[in-house]
Amino acid sequence: MSTLNWESIKETFFTESRENLDLMEQSILALENGDRDSETINALFRSVHTIKGSSGMFGFDHVVRFTHGVENMLQKLRNGSAAIDQDLLDTLMLCHDHIRKLLANCQEGSALDAATLRRGSELAGLLGDAAKEPEILNTAGNDVGQMLWNITISPGAELFRHGLDPANVIACIANAGEIRSIVTRFHEPAGVMDPETCYLGFDIIYKSAASREDLERYFEFIRDDCEITFSAVDQQHGDNGARGAEAALSMHQSGTGDENNGTRLQHESAGRKTARNGVEKHSDSVIRMKSEKIDRLLNHVGELVISNASILQLARGKVGTDLDDSLENMSRLIENIRESTMNMRVVPFGEIATRFNRVARDLGRELGKEVDFIVEGGETEIDKSIMDMIVDPLMHMIRNSIDHGIETGKERASMGKPRKGLIRLAACHEDGLLVIEFSDDGRGLDSERILARARQKGLLPADADVPEEEIHRMIFNAGFSTKEDVTNLSGRGVGMDVVWKNVESLRGSISIKSEKGKGTLFRIELPLTLAIIDGFIVEIGSSKYVIPLYSVTECIDIDSGNLHDNEGCSYVDLRGEVLPFVRLDELFGCGQGAAGNLNIVVVENAKRRAGLAVKRFVGENQTVVKPLGRLFSRHPWISGFTMLGTGEIAMMLDVGKLLQNYRIRAVTPKFPLAGDHIDAGAHVVVQNNQ
Amino acid sequence: MRMKIIRKKNNDGSVSLSLIGEFNIYTVRKLKDLLEKEIDGAARVNLDLAGVTGFDSAGYQLMEYASMVATKRNGALELENKGGEVSKLYALFGN
């Protein structure tokens with residue numbers, strides 16, 4: 001407790017309030033989509049109620065006032081005295097935005113500007129009578145001379161036997177001031193429970209104009225039988241009363257006040273503890289911590305993985321059976337620790353996907369387009385750091401899709417499509433990769449316009465025959481837009497290049513499939529994690545390199561007689577199919593590889609396959625990816641480095657960039673079968689674009 | 001008599017107890033023994049508090065204890081009809 005302070009509790013309050021606001025938003029969207037059951041309305045109510053309760057504890061009375069009005073309106077929905085219609089839902093959504101704004105203001109510590117104040121009044125007007133009930137004014141209260149107190153009552157065991165009841169004193173102070181929150185503790189008896197012994201305790205946050213002396217007077221009767229502490233809560237800085245405030249905050253999380261009786265009763269009927277114990281249950285099952293702490297742990301685990309590899313290396317060739325078993329056991333445990341740590345960082349994909357719901361709704365309305373937004377695979381687990389970096393790209397894609405892709409209802413109807421456009425966002429794990437698919441049923445990419453624009457900008461040669469996929473990829477160039485009108489949403493050619501860059505920085509790839517008039521599908525493939533991956537180690541020249549295992553499809557040993565290696569065109573016949581390859585020793589300036597058989601690692605990225613010829617295959621290894629220093633950070637095909645068990649440094653190859661920079665063009669998909677001559681029209685090029 | 005208890009065994013094996021009268025420091029000892037036995041004997045105990053006329057911190061404490069015991073024994077204690085004094089005290093104690 002000594003490390004707790006008011007600021008950290010406040011930070012928790014803001015984090016949890018944002019979560020409640022997300023919940024509020026989701027509930028409103030659910031109501032809009034027709035889920036008008038009582039559970040959705042209750043969830044909406046609870047989220048607002050919790051924000052109100054917690055805000056009051058921190059003295060954000062203007063938030064309390066506003067949320068109280070919203071809460072009153074929601075109460076009317078709950079008891080059926082008001083009906084849900086689209087106007088009301090729009091108002092509630094605006095109220096949600098306003099509460100978010102108010103809380104952001106509180107967090108920044110900035111004063112409310114005139115526009116925000118005006119907005120609050122407008123919304124209160126829209127909510128009607130509900131926002132004007134006298135209770136609001138009471139809650140706002142006149143704070144002059146009012147103090148916030150943290151009162152802890154720890155009754156002695158004999159309290160009841162002496163004919164005293166703490167409830168009387170608490171009722172008394174409740175009449176003289178305002179109990180902001182109260183947590184009632186029940187200390188489990190060590191032995192047999194004696195019902196006449198007092199095991200209760202109370203933590204109270206109390207607001208009153210009473211002086212300390214006045215307060216002490218209320219407790220005069222029970223003072224001899226209780227340990228009572230009073231401390232003034234400094235609402236700005238001090239950490240006095242932080243413990244009580246924290247408890248109070250938790251209390252608010254679980255819901256307080258009469259409104260939640262129904263919920264509490266359900267909990268009790270399920271044989272669980274009461275609401276108070278529910279708070280304890282909550283804190284047992286969820287630990288909130290800064291993600292940097294997990295990152296630090298992951299870093300240590302990474303070092304552990306390296307140390308383990310080093311021990312295995314040292315023990316190689318010297319092991320006896322016992323040592324073997326122990327090493328195997330240790331490796332297994334380290335693998336378990338690695339997995340558990342990685343799991344701590346994952347969040348369900350649906351968590352971000354729901355944010356986009358609102359974006360789709362608002363943009364659709366702004367542009368007069370009807371859009372259905374569906375999310376598939378919401379339960380797919382995704383690394384938090386990857387999620388943070390993928391949010392913006394996906395947001396851009398949704399904006400682009402609604403602005404450029406989805407047609408207006410009228411246009412769609414004339415084309416025989418449903419009036420409502422459809423945007424689909426799906427996620428799944430596939431072959432050790434996280435795959436995110438974003439698709440719409442809009443007008444699709446206009447290849448001709450893109451090609452013309454790309455040629456005009458000099459991005460593509462005027463006379464070359466460019467494959468469809470290559471044309472589509474042009475949209476990822478910075479400043480590329482075929483749209484004549486620049487809107488405030490898109491059209492400036494800014495956005496898709498950001499999508500490309502972010503996906504690339506995550507060592508991922510993105511491919512496009514689009515059909516004019518039918519829609520577009522973006523497929524993003526990302527590694528499951530960034531920090532520790534399974535790697536395949538190869539030797540090139542005298543150095544070792546790591547290729548991410550998820551990119552490797554197979555390793556082949558090709559007889560030099562089967563190589564076709566002339567005029568910059570390198571390819572082999574892999575079971576009747578073309579496999580272009582690049583000799584990494586030559587590329588990296590490590591001299592010519594040895595004559596004879598060639599070791600080729602077959603890699604795949606963004607649905608493109610190629611071979612990487614290396615000197616030697618070393619084997620698989622758990623790889624802790626370390627970032628490169630400034631000198632190498634812009635290297636075209638090295639994405640990081642790792643330390644091997646032997647203490648050697650191995651560079652990590654970025655397969656995506658390697659294939660991109662050595663662009664592979666296969667004009668005919670099938671390689672002529674062994675014995676056939678290569679058709680004049682078929683050529684495979686491994687071409688250096690650097 | 002300060003307290004009267006009406007016991008009913010239901011078809012599903014659960015037991016319903018209706019408490020009538022005072023549920024406070026004067027009656028908690030007797031009630032504790034009775035509740036422990038019932039929780040031991042049935043997977044589910046329904047406690048109807050509609051007839052409770054006197055409820056204090058000792059009564060509240062016993063409810064907390066009984067709920068805890070029921071949970072530990074994988075049973076359930078359901079409090080029904082918390083009206084009047086009972087609901088007032090629960091509200092005062094933040095529940």
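These protein sequences, in sequence, are chains A and B.
The first sequence begins at 1 in this note's numbering and counts up one residue at a time.
The second sequence begins at 1 in this note's numbering and counts up one residue at a time.
The beta-carbon is built from N, C-alpha and C at its ideal position, and this holds for glycine as well.
What three-state label does DSSP hand residue i in the structure shown?
| i | result |
| --- | --- |
| A:Trp-149 | strand |
| A:Val-233 | coil |
| A:Pro-189 | coil |
| A:Ser-110 | coil |
| A:Thr-341 | helix |
| A:Met-24 | helix |
| A:Arg-316 | coil |
| B:Met-68 | helix |
Evaluate residue i with the Cβ neighbour count: other Cβ atoms within 10 Å of its Cβ, from every protein chain shown; 16 or more gives buried, anything less gives exposed.
| i | result |
| --- | --- |
| A:Val-192 | exposed |
| A:Lys-417 | buried |
| A:Arg-583 | buried |
| B:Lys-4 | exposed |
| A:His-472 | buried |
| A:Leu-333 | exposed |
| A:Cys-106 | buried |
| A:Met-289 | exposed |
| A:Gln-622 | buried |
| A:Glu-620 | exposed |
| A:His-300 | exposed |
| A:Ile-537 | buried |
| A:Phe-632 | exposed |
| A:Thr-15 | exposed |
| A:Glu-220 | exposed |
| A:Glu-39 | exposed |
| A:Lys-207 | buried |
| A:Ser-560 | exposed |
Measuring alpha carbon to alpha carbon, tell me which residue in the options is nearest residue i.
| i | options | result |
| --- | --- | --- |
| A:Ile-9 | A:Met-24, A:Ser-54, A:Leu-21 | A:Ser-54 |
| A:Ser-231 | A:Trp-149, A:Arg-161, A:Ile-182, A:Leu-164 | A:Trp-149 |
| A:Ile-287 | A:Arg-575, A:Ile-638, A:Thr-642, A:Thr-12 | A:Thr-12 |
| A:Val-603 | A:Pro-636, A:Leu-333, A:Thr-553, A:Met-93 | A:Thr-553 |
| A:Ile-386 | A:Met-395, A:Leu-434, A:Ala-413 | A:Leu-434 |
| A:Leu-23 | A:Ile-294, A:Glu-7, A:Thr-50, A:Asp-37 | A:Thr-50 |
| A:Lys-544 | A:Thr-646, A:Arg-217, A:Met-330, A:Gly-378 | A:Thr-646 |
| A:Gly-378 | A:Ala-171, A:Ala-353, A:Ala-167 | A:Ala-353 |
| A:Ala-171 | A:Gln-660, A:Phe-202, A:Ile-84 | A:Phe-202 |
| A:Glu-19 | A:Cys-95, A:Val-70, A:Met-93, A:Arg-100 | A:Arg-100 |
| A:Val-625 | A:Ser-551, A:Lys-615, A:Arg-634, A:Thr-642 | A:Thr-642 |
| A:Glu-539 | A:Glu-376, A:Ile-510, A:Met-496, A:Leu-598 | A:Leu-598 |
Does any CB atom of chain B fall closer than 8 Å to the CB of residue i?
| i | result |
| --- | --- |
| A:Asn-169 | For clarity, residue 169 of chain A is Val in the given sequence; the question names Asn instead. It does not: the Cβ of A:Val-169 has no partner Cβ on chain B nearer than 8 Å. |
| A:Val-692 | Only positions 1 to 690 of chain A appear in the structure, and residue 692 of chain A is not among them; the question remains open. |
| A:Leu-200 | yes |
| A:Met-24 | no |
| A:Met-193 | yes |
| A:Asp-165 | yes |
| A:Ala-210 | no |
| A:Ala-174 | yes |
| A:Glu-411 | no |
| A:Ala-242 | Confidence at A:Ala-242 is low in this model, with a pLDDT of 44, below 50, so its placement is unreliable and the value that follows should be read with caution. Chain B, which has no Cβ nearer than 8 Å to the Cβ of A:Ala-242, makes this no. |
Does residue i get closer than 8 Å to chain A when you measure Cβ to Cβ?
| i | result |
| --- | --- |
| B:Gly-13 | no |
| B:Arg-2 | no |
| B:Phe-93 | yes |
| B:Glu-38 | no |
| B:Val-86 | no |
| B:Lys-8 | no |
| B:Ser-18 | no |
| B:Leu-62 | yes |
| B:Leu-49 | no |
Using 7 Å as the cut-off, classify the Cβ of residue i as near or not near the heavy atoms of the ligand FAD, replying yes or no.
| i | result |
| --- | --- |
| A:Glu-16 | The model depicted lacks the ligand FAD and carries no ligand whatsoever. |
Worksheet entry | Inter-stretch contact at 8 Å, needing at least 3 Cβ pairs: the segment 224-231 of chain A / the segment 150-161 of chain A | yes
Discussion item. I'd like to know if the segment 337-345 of chain A and the segment 363-376 of chain A are in contact, where contact means that at least 3 CB-CB pairs between them fall below 8 Å.
Written reply: no
Discussion item. Under 8 Å: do the segment 332-340 of chain A and the segment 298-315 of chain A share three or more Cβ pairs, one atom per stretch?
Written reply: yes
Item to complete: Could you tell me whether the segment 172-190 of chain A touches the segment 156-163 of chain A, using the rule of 3 or more Cβ pairs below 8 Å?
Response: Verdict: no, contact absent.
Practice prompt. Report yes or no: do three or more beta-carbon pairs, one from the segment 438-455 of chain A and one from the segment 402-416 of chain A, lie closer than 8 Å?
Written response: yes
Fill in: Inter-stretch contact (C-beta, 8 Å, three-pair minimum) for the segment 350-362 of chain A and the segment 21-30 of chain A
Because the criterion of three Cβ pairs below 8 Å is met, the segment 350-362 of chain A and the segment 21-30 of chain A touch.
Worksheet item: Are the segment 7-22 of chain B and the segment 41-55 of chain B touching by the rule of at least three beta carbon pairs closer than 8 Å?
Response: yes
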